[in-house]
Amino acid sequence: MYNQVRVRIAPSPSGYLHVGTARIAVCNWLFARHNQGKFILRIEDTDITRSDPRMVEVILESLKWLGLDWDEGPYYQSQRMELYKRYAQVLLEKNKAYYCYCTPETLKRKREEAAQKKINWVYDRTCLKLSEQEKAELESKNTPKAMRIFIPEGETSFYDIVYKDLKKENKELDDFVILRSDFRPTYNFAVVVDDLDMRITHVIRGNDHLANTFKQVLLYRALDEMMPAFAHLPLNLAMDRQKISKRKGAVAITDYRDAGYLPEVMVNFLAISGWSPKDEREIMSREELVQSYSLEGVSQANPIFDMQKLEWMNGEYIRAYDNERLVDEVIPFLIRENLMIPETVKDTRGWLLKYVVLFKERAKTLKEFAEKGKYLFAFDYQYDPKAVSKTFNSAEVADRLGQFVEKISVLDEFKKDKIEETLRKTADDLKIEPAPLIHAVRLATTGVAGGPPLFDILELLGKEEVEKRIKKAVEFIKAERKGYS
RNA sequence: GUCCCCAUCGUCUAGCCCGGUCUAGGACACCGCCCUUUCACGGCGGCAACACGAGUUCGAAUCUCGUUGGGGACGCCA
Numbered sequence: 000m001y002n003q004v005r006v007r008i009a010p011s012p013s014g015y016l017h018v019g020t021a022r023i024a025v026c027n028w029l030f031a032r033h034n035q036g037k038f039i040l041r042i043e044d045t046d047i048t049r050s051d052p053r054m055v056e057v058i059l060e061s062l063k064w065l066g067l068d069w070d071e072g073p074y075y076q077s078q079r080m081e082l083y084k085r086y087a088q089v090l091l092e093k094n095k096a097y098y099c100y101c102t103p104e105t106l107k108r109k110r111e112e113a114a115q116k117k118i119n120w121v122y123d124r125t126c127l128k129l130s131e132q133e134k135a136e137l138e139s140k141n142t143p144k145a146m147r148i149f150i151p152e153g154e155t156s157f158y159d160i161v162y163k164d165l166k167k168e169n170k171e172l173d174d175f176v177i178l179r180s181d182f183r184p185t186y187n188f189a190v191v192v193d194d195l196d197m198r199i200t201h202v203i204r205g206n207d208h209l210a211n212t213f214k215q216v217l218l219y220r221a222l223d224e225m226m227p228a229f230a231h232l233p234l235n236l237a238m239d240r241q242k243i244s245k246r247k248g249a250v251a252i253t254d255y256r257d258a259g260y261l262p263e264v265m266v267n268f269l270a271i272s273g274w275s276p277k278d279e280r281e282i283m284s285r286e287e288l289v290q291s292y293s294l295e296g297v298s299q300a301n302p303i304f305d306m307q308k309l310e311w312m313n314g315e316y317i318r319a320y321d322n323e324r325l326v327d328e329v330i331p332f333l334i335r336e337n338l339m340i341p342e343t344v345k346d347t348r349g350w351l352l353k354y355v356v357l358f359k360e361r362a363k364t365l366k367e368f369a370e371k372g373k374y375l376f377a378f379d380y381q382y383d384p385k386a387v388s389k390t391f392n393s394a395e396v397a398d399r400l401g402q403f404v405e406k407i408s409v410l411d412e413f414k415k416d417k418i419e420e421t422l423r424k425t426a427d428d429l430k431i432e433p434a435p436l437i438h439a440v441r442l443a444t445t446g447v448a449g450g451p452p453l454f455d456i457l458e459l460l461g462k463e464e465v466e467k468r469i470k471k472a473v474e475f476i477k478a479e480r481k482g483y484s
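In structure tokens form, the structure reads like this:
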């Protein structure tokens, strides 16, 4: 049916790359790759007042981060004005469009009046009824004019791959503007012209465009052109079933990057949101997604963007990640949290590798690597009050810690096996179980009650640091005890 | 106000098109148990849904209609 599948993503640069837009991009990209087709990037910047070149940069950067490489573009609608004018001219000559001299103010007034009377507003065709004389007069006065499409009677229908047969009475639609008085095209017109010009075979977009599609179908018919296939994807909603907005958490794809989500997770998650493969797999590599993606598995109901599931998936990916690559991903977060400076990265890489291995099954986001193990980088950690009352609860604890420090101070090899041996020996000498001593040492050296196996942590800290930290804890406990008596 | 779309566990979903195999399957979250120095990971188990009402049929989550609920669109925005 098609020589080659050609799809596009058409963001408008009025903001960052919204997760919703990103999901549409993912679906288009997967569809293109699955069919060995082309993925085209088009920037819809006809609204000059709301377009910002810097936003284009953010959008391109976001797409690159997600790994959604495009084959053509970015094309800019703002650079294609002549094309739209040419197509508009065709419609005018075919008598499928006409000029409208109504002022925006008049239209606004009429619309408001209709709203007040609670009746549905469609353009009343004032300017279609103009006589040649009236038109000539308006022209002589250089009255600004927009161009409207003429909507014939009848009904408009099309087939949507997701929503199947759709139709609408034309009388519900009005003769909408296609060219503004400054000759810039409106959204619906520019989209049709561009999709035609770029030989787009499948228009894959959010179902918020369903209503627009009827207008666009009318445009294809007026132009006597072949239509692409349409597939409207259900819209992601926030937890409260409303549109995802700034107030309800992260909206920009870059927010997720900064929060420590992996790009492959975002692609995976966005792909299975509103779509599922036949075999119910959820964790899928890029290759697997490309292999099994199809528009047939897209659901019709709007899914809610489940942050908890996203987190879970990110954790799954982190655990399965290659350690060396994980170090690369984690470093920027450590730097951003001021836990290290770029200059020392090279020398500490071996150490970082061990660090990352210890925390990879405990971190759900990259950012958590810089949070959960903070104490390994800074000496000024605080003791968790709850753990203090549970573990640092007697003067004896200070003595035990003191004994342990003495025993490790003579170790010449500070490796985890040796440390563990020493600790168990210390507990034995003290005639206590190892567990309470382990807990005390952990709290003393890390400030918290939980975390990776203690002896790995101690080895990573190094002998000198461990001694320093335990001595500090001993002082802390003594001071604390004094306060009670 | 008008039009369009949607409806299975709290959430994402499988099943629906081609009615019986569905005492409705999986995943996230939650709860319990096991593993364990802790926290996690992992393993095992549990809780939990066909929105409602009619109709068609021997039989409906599956087909039809209605009700309710939710979403979206109605700009010289995109």
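Using numbering that gives the first Met the number 0, the letters of the first sequence correspond one by one to residues 0 to 484. We put the beta carbon where it would ideally sit given N, CA and C, even for glycine. Every value quoted in this text rests on a predicted model; they were computed, and no experiment measured them.
**OP:** Work out the CA separation of T343 and I469 for me, nearest whole Å.
**Re:** If you take the alpha carbons of I469 and T343, they lie about 26 Å apart.
**OP:** Measure the alpha-carbon distance for D68 versus A189 and round it to whole angstroms.
**Re:** About 24 Å.
Subject >> Start-end ranges of the alpha helix (DSSP H) lying completely within the stretch 156-213, minimum 4 residues >> reply: With a minimum length of 4 residues, the continuous alpha helix (DSSP H) runs that stay inside the stretch 156-213 are 186-196.
Subject >> Validate contact between the stretch 70-89 and the stretch 47-60 using beta carbons, cut 8 Å, 3 pairs >> reply: Of all C-beta pairs linking the stretch 70-89 to the stretch 47-60, three or more are shorter than 8 Å, placing the two stretches in contact.
Subject >> Cβ-based burial, A24 [other Cβ within 10 Å; buried from 16] >> reply: Around the Cβ of A24, a 10 Å sphere holds 16 or more other Cβ atoms; the residue is buried.
Subject >> Simplified DSSP state of E367, which is helix, strand or coil >> reply: Here DSSP, grouped into helix, strand and coil, assigns E367 to helix.
Original post:
DSSP state of M146, grouped into three classes?
Top reply: In this structure, M146 counts as strand in the three-state DSSP scheme.
**OP:** Flag this pair as yes or no: are the beta carbons of F229 and K167 separated by less than 8 Å?
**Re:** No, these two residues do not count as a Cβ contact at 8 Å.
Original post:
Could you give the distance in angstroms between the alpha-carbon of E138 and the alpha-carbon of Y122?
Top reply: Here the alpha carbon of E138 sits roughly 21 Å from the alpha carbon of Y122.
**OP:** Grab the span of the alpha helix (DSSP H) containing P73 for me, first residue to last.
**Re:** Careful: P73 lies outside any alpha helix (DSSP H), inside the beta strand (DSSP E) at E71 to Y75.
**OP:** Starting from A251, follow its DSSP beta bridges and name the residues at the other end.
**Re:** The partner list for A251 (beta bridge, DSSP) reads H17.
Original post:
Is it true that the stretch 309-319 meets the stretch 264-281, where meeting means three or more beta-carbon pairs spaced less than 8 Å apart?
Top reply: Taking a cut-off of 8 Å on C-beta distances, the stretch 309-319 touches the stretch 264-281, as three or more cross pairs fall below it.
**OP:** Classify F378 as helix, strand or coil using the three-state DSSP reduction.
**Re:** The DSSP-derived three-state label of F378 is coil.
Subject >> Spatially closest choice to N485 from Q307, L352, E295 and N301, by CA coordinates >> reply: The displayed coordinates of the chain run from 0 to 484. Any statement about residue 485 would go beyond what the structure contains.
**OP:** For F38, write down the residues that DSSP places opposite it in a beta bridge.
**Re:** Paired residues: V6.
**OP:** From the DSSP output, in three-state form, read off L338 for me.
**Re:** Three-state DSSP puts L338 in coil, outside helix and strand.
**OP:** Going by DSSP, name the residue or residues bridged to E154.
**Re:** In DSSP, E154 forms a bridge with E168.
Subject >> Inter-residue spacing [alpha-carbon to alpha-carbon] between K345 and P10 >> reply: Between the C-alpha atoms of K345 and P10 there is a straight-line separation of about 40 Å.
Original post:
Going by beta carbon distance, what residues of the same chain come within less than 6 Å of P435, once the five residues before and after it are set aside?
Top reply: There are no such residues.
Subject >> Residue burial classification, S156 (beta-carbon count within 10 angstroms, cutoff 16) >> reply: Exposed, because fewer than 16 other Cβ atoms sit within 10 Å of the Cβ of S156.
Original post:
Enumerated in chain order, which unbroken segments of the alpha helix (DSSP H) with a length of 4 residues or greater are wholly contained in the stretch 286-326?
Top reply: Listed in chain order, they are 306-319.
Subject >> Simplified DSSP assignment, three categories, for A448 >> reply: DSSP places A448 in coil when its eight states are reduced to three.
**OP:** Figure out for me which residue from E367, F376, V289 and E360 has the closest Cα to the Cα of W350.
**Re:** Comparing Cα-Cα distances from W350 to each of E367, F376, V289 and E360, the minimum goes to F376.
**OP:** Would you check if the distance between the CB atom of E152 and the CB atom of N169 is smaller than 8 Å?
**Re:** Taking 8 Å as the Cβ cut-off, E152 and N169 qualify as a contacting pair.
Subject >> Enclosing alpha helix (DSSP H) for A87 [first to last residue] >> reply: Per DSSP, A87 belongs to the alpha helix (DSSP H) from M80 to E92.
Original post:
Are at least three pairs of beta-carbons, each pair with one atom in the stretch 398-406 and one in the stretch 358-378, less than 8 Å apart?
Top reply: With fewer than three CB-CB distances shorter than 8 Å, the stretch 398-406 does not count as touching the stretch 358-378.
Subject >> Of the listed residues K117, K462, I317 and Y255, nearest to H17 (C-alpha basis) >> reply: Closest option to H17, Cα to Cα, is Y255.
**OP:** List the DSSP bridge partners of A228.
**Re:** According to DSSP, which records beta bridges pairwise, A228 is partnered with H201.
Original post:
Using a Cβ-Cβ cut-off of 8 Å (strictly less than) and excluding sequence neighbours within five positions of S388, which residues of its own chain qualify?
Top reply: If we look at S388 and ignore the five residues flanking it on each side, it has no Cβ neighbours.
Original post:
Once you ignore the five residues that flank E43 on each side, which residues in its own chain have a CB closer than 6 Å to its CB?
Top reply: Once the five neighbours on either side are set aside, the close Cβ partners of E43 are A9, S11 and Q76.
Subject >> Alpha carbon of E104 to alpha carbon of K93, nearest angstrom >> reply: Roughly 29 Å between the two C-alpha positions.
Original post:
Taking the alpha helix (DSSP H) that A96 falls in, what are its first and last residues?
Top reply: Bounds of any alpha helix (DSSP H) do not take in A96; it lies within the beta strand (DSSP E) bounded by A96 to C99.
Original post:
Out of Y260, A251 and V473, which has the shortest C-alpha to C-alpha gap to I486?
Top reply: What is shown of the chain runs 0 to 484, which leaves residue 486 out entirely.
Original post:
Which whole-angstrom value is the C-beta distance of G66 and P341, which I expect to be below 8 Å?
Top reply: About 25 Å separates the beta carbons of G66 and P341, which is beyond the 8 Å limit, so they are not a contact pair.
Original post:
What did DSSP end up calling K117 once you bin it into helix, strand or coil?
Top reply: K117 falls in the coil class under three-state DSSP.
**OP:** Flag this pair as yes or no: are the beta carbons of P451 and F368 separated by less than 8 Å?
**Re:** With respect to the 8 Å criterion, P451 and F368 are not classified as neighbours on the basis of their beta carbons.
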